[in-house]
């Protein structure tokens with residue numbers, strides 16, 4: 001990686017899936033990433049795997065972060081992973097939300113999700129993880 | 001204070017129903033700081049309920065029966081996210097969310113199944129489902145059970161200004177949202193005199209992290225506007241004001257929450273009497289119902305949430321609320337499990353029956369601290385309300401995103417206070433334990449509710465088998481009423497639901513009349 005690409009701020013897509021409505025976490029994470037100097041493409045609520053893949057393609061993002069407050073992600077995530085592969089987008093996925101239990105996080109990590117954040121994940125932990133994932137990509 | 005009661009402390013000390021010096025404001029006396037009408041007879045009880053609703057209507061009916069069998073006095077039902085967003089289960093975006101975070105309700109048959117066999121004449125039915133459908137479905141279920149509408153007790157939650165910005169989006173323009181609230185109030189004033197058609201729901205928007213002053217200022221901003229609107233339609237103040245209630249949040253500042261409740265009763269009484277000319281004491285003494293805060297609960301060490309719920313419930317009881325729900329200890333992870341339901345209900349029963357805190361009305365009244373805090377809370381809510389009213393009209397503030405900004409700022413502030421440790425949160429920013437030690441009650445949160453996708457076929461069969469001509473005619477009538485501000489939407493919605501039109505279709509018909517798309521997500525074609 002050249003010094004110049006290192007300088008470009010990480011571009012992070014933050015969004016939610018389906019009818020998952022509680023947006024507190026998504027807004028908070030988007031805010032902290034922007035404060036840390038990253039570029040956030042905020043797609044808000046009511047996304048589908050298709051709309052997220054399209055946004056990721058057109059915005060050339062380094063990382064996709066999904067905030068979850070309902071169990072809809074359990075069904076949507078495998079579909080999102082398939083569609084990212086079909087679009088040949090090798091972008092790491094991270095999932096965060098207070099509903100994630102220890103079992104959920106284990107399952108997500110086994111299924112190829114790059115990072116998971118439970119309730120109370122600290123600001124520094126989130127920012128450092130996103131920076132690491134964006135750099136690897 | 002001369003009521004001949006046998007109230008005694010545990011050691012046999014005789015107790016008065018309330019305490020105060022001569023000339024002090026008594027409970028039940030204007031401006032009702034110390035308790036609403038009737039509370040001069042002592043602290044008494046409150047309607048105890050826990051939030052319910054999951055799966056299909058039959059599963060939720062079983063859940064409600066369980067809670068009633070354990071001593072619950074009222075019910076509160078919340079819909080799943082499609083229901084709360086006015087979408088049918090066969091909407092493409094609903095597929096993974098059917099029945100997982102509440103009950104799936106979209107047609108008349110669903111409401112009949114939800115209320116099937118419940119003692120509606122004895123219990124109070126509070127609904128967190130979108131009010132127009134909650135009300136229409138309840139009226140049809142009661143009619144089916146042979147109960148007269150004028151006997152129905154219960155309530156629906158309203159927050160027409162703010163729902164779109166921090167609740168479940170229904171994608172309706174401001175005027176239509178306001179209309180749905182005022183129409184419900186006007187309809188109930190005539191048809192359901194015992195029903196609380198307007199519960200100002202400050203709970204849900206305070207969950208964005210607002211402080212108590214902003215919570216109540218925004219609540220009063222809405223109540224005041226709605227009241228003016230109804231008066232301008234010629235509805236007499238004393239016909240609807242007694243049916244206004246407020247559902248408040250209860251956060252983690254014990255005495256401030258007590259002061260908030262006392263100040264709210266006082267502000268409401270003064271507003272109704274002095275500004276709107278209400279003369280009926282029932283119009284002046286507002287019913288306050290309450291939920292303990294979900295935002296203060298943690299996913300870490302969830303057992304601690306039982307303690308948080310107990311403390312918050314205690315401040316609500318000491319403040320003198322009329323109904324109470326304790327957010328379940330597993331709320332961080334899921335809709336309430338059966339175990340969490342029972343703990344919430346038992347907490348209320350312990351407060352009511354064992355703790356002795358209900359013997360005397362307004363037991364904190366007269367405390368220098370609580371009285372000073374009540375006065376200051378009243379002043380600050382009043383000042384903030386004036387400030388917001390000076391900024392603009394509700395439609396301007398809504399359309400320019402002012403409310404959305406207030407809520408987003410509150411969310412960010414809340415997060416910052418936790419991150420910096422300014423607000424202590426046990427298990428999150430202090431007194432944490434490693435994840436592998438955090439096991440108590442954790443097995444409960446690992447069970448999940450599967451989406452009830454059978455509902456999709458069921459609703460498609462309903463569409464195929466109904467009298468389509470009649471359904472379409474009723475939907476057109478809804479659209480017509482929505483376009484005519486002099487009409488009332490409630491009877492039309494009840495007729496349409498009765499003709500097997502669905503939530504998604506009826507809300508679509510209303511949107512069309514206001515120039516909005518039938519389906520806000522552009523996935524479903526309009527039927528009319």
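Chains as they are written, first to last, in the numbering used here: chain A, 1 to 137; chain B, 1 to 528. Don't be surprised by glycine CBs; every beta carbon is placed ideally from N, CA and C.
Between which residues of its own chain and residue 262 of chain B is the CB-CB distance below 6 Å, once the five residues before and five after are set aside? 33 and 374
Checking the sheet assignment: what are the DSSP bridge partners for residue 195 of chain B? B/154
Measure the C-alpha to C-alpha separation of residue 2 of chain A and residue 131 of chain A and round it to an integer number of angstroms. Here the model assigns residue 2 of chain A a pLDDT of 48, short of 50, so the residue's position is not dependable, and the following value carries that caveat. For residue 2 of chain A and residue 131 of chain A, the distance between alpha carbons rounds to 16 Å.
Take residue 256 of chain B and list the residues in its own chain whose beta-carbon comes closer than 8 Å to its own, dropping the five residues that flank it on each side. 212, 373 and 377
Please classify residue 368 of chain B as buried or exposed, where buried requires at least 16 neighbouring CB atoms within 10 angstroms. Answer is exposed; the Cβ neighbour count stays below 16.
List, in chain order, every chain B residue whose beta-carbon is nearer than 7 Å to that of residue 125 of chain A. Correct list: empty, because the minimum Cβ distance to chain B is about 11 Å.
Contact defined as beta carbons within less than 8 Å: I believe residue 185 of chain B pairs with residue 198 of chain B. What is the distance between those atoms, to the nearest angstrom? 5 Å
Assign residue 61 of chain B to one of three DSSP states: helix, strand, or coil. helix
Residue 151 of chain B: buried (16+ other C-beta within 10 angstroms of its C-beta) or exposed? Per the 10 Å Cβ criterion, exposed.
Skipping 5 residues on each side, what residues in its chain have a beta carbon closer than 6 Å to that of residue 174 of chain B? 395 and 398
Under 8 Å from the C-beta of residue 36 of chain B: neighbouring residues of chain A: The contacting residues do not exist; residue 36 of chain B stays about 33 Å from chain A at best.
For residue 291 of chain B, which beta-bridge partners are listed by DSSP? B/249 and B/325
Against chain A, does residue 4 of chain B count as a neighbour if the rule is that its beta carbon must be under 8 Å from one of theirs? Only weak support is given to the placement of residue 4 of chain B: the predicted model assigns it a pLDDT of 47, under 50, and the value that follows is read from those uncertain coordinates. No - not a single Cβ of chain A is within 8 Å of the one on residue 4 of chain B.
Any contact between the segment 53-69 of chain B and the segment 291-303 of chain B? By contact I mean 3 or more CB pairs, one from each, below 8 Å. no
Report the neighbours of residue 477 of chain B on chain A: residues whose CB is nearer than 9 Å to its CB, in chain order. Under the 9 Å cutoff, chain A gives no residues; its nearest Cβ is about 29 Å from residue 477 of chain B.
Would a check of beta-carbon distances place residue 446 of chain B closer than 8 Å to chain A? yes
How many Å lie between residue 3 of chain B and residue 264 of chain B at the Cα? With a pLDDT of only 47 at residue 3 of chain B, under 50, the local geometry of the prediction cannot be trusted, and the value read off the model is given with reservation. When rounded, the separation of the alpha-carbon atoms in residue 3 of chain B and residue 264 of chain B is 27 Å.
The segment 125-134 of chain B contacting the segment 63-79 of chain B, beta-carbon criterion three pairs below 8 Å: yes
If contact is defined by three or more beta carbon pairs under 8 Å, each pair taking one atom from either stretch, is the segment 301-311 of chain B in contact with the segment 270-286 of chain B? Because the criterion of three Cβ pairs below 8 Å is not met, the segment 270-286 of chain B and the segment 301-311 of chain B do not touch.
Would you say residue 14 of chain A lies against chain B (beta-carbon separation less than 8 Å)? no
Could you confirm whether any beta carbon from chain A is found closer than 8 Å to the beta carbon of residue 17 of chain B? no
Beta carbon proximity, residue 81 of chain A to chain B, threshold 8 Å: Not one chain B Cβ lies under 8 Å of residue 81 of chain A.
Between the segment 413-433 of chain B and the segment 42-50 of chain A, are three or more C-beta pairs nearer than 8 Å? no
Apply the 10 Å Cβ neighbour rule to residue 320 of chain B and answer buried if 16 or more other Cβ atoms are within range, or exposed otherwise. Using a 10 angstroms sphere on the CB of residue 320 of chain B, the tally of other CB atoms reaches 16 or more, which defines it as buried.
Where do the ends of the beta strand (DSSP E) carrying residue 450 of chain B lie? Unbroken run through residue 450 of chain B: none, as it is neither H nor E.
Residues of chain A with a CB under 8 Å from the CB of residue 298 of chain B: which are they? Neighbours of residue 298 of chain B on chain A, chain order: 119 and 120.
Going along chain A in order, which residues have a C-beta closer than 9 Å to the C-beta of residue 100 of chain B? 70, 71 and 72
Could you tell me which chain B residues have their CB closer than 9 Å to the CB of residue 99 of chain A, listed as they occur along the chain? 299, 332, 333, 334 and 445
If we count the other Cβ atoms within 10 Å of its Cβ and call it buried at 16 or more, is residue 316 of chain B buried or exposed? Taking all protein chains shown into account, residue 316 of chain B has 16 or more neighbouring C-beta atoms within 10 Å of its C-beta and is therefore buried.
Beta carbon proximity, residue 519 of chain B to chain A, threshold 8 Å: no
Taking the continuous alpha helix (DSSP H) assigned at residue 42 of chain A, which residues delimit it? It is not in any alpha helix (DSSP H) - residue 42 of chain A instead sits in the beta strand (DSSP E) that spans 39-47.
Per DSSP, what are the beta-bridge partners of residue 8 of chain B in this structure? According to DSSP, which records beta bridges pairwise, residue 8 of chain B is partnered with B/14.
Along chain B, in chain order, which residues have C-beta atoms closer than 7 Å to that of residue 19 of chain A? Those within 7 Å of residue 19 of chain A in chain B are 81, 82, 85, 93, 94 and 97.
Report back the beta-carbon spacing between residue 333 of chain B and residue 101 of chain A to the nearest angstrom; my notes put them in contact at under 8 Å. Distance from residue 333 of chain B to residue 101 of chain A at the Cβ level is roughly 6 Å; contact confirmed, criterion being Cβ atoms closer than 8 Å.
Does any residue of chain A have a CB that is nearer than 8 Å to the CB of residue 525 of chain B? No, residue 525 of chain B does not count as interfacial toward chain A.
Helix, strand or coil: how does DSSP classify residue 14 of chain A here? strand
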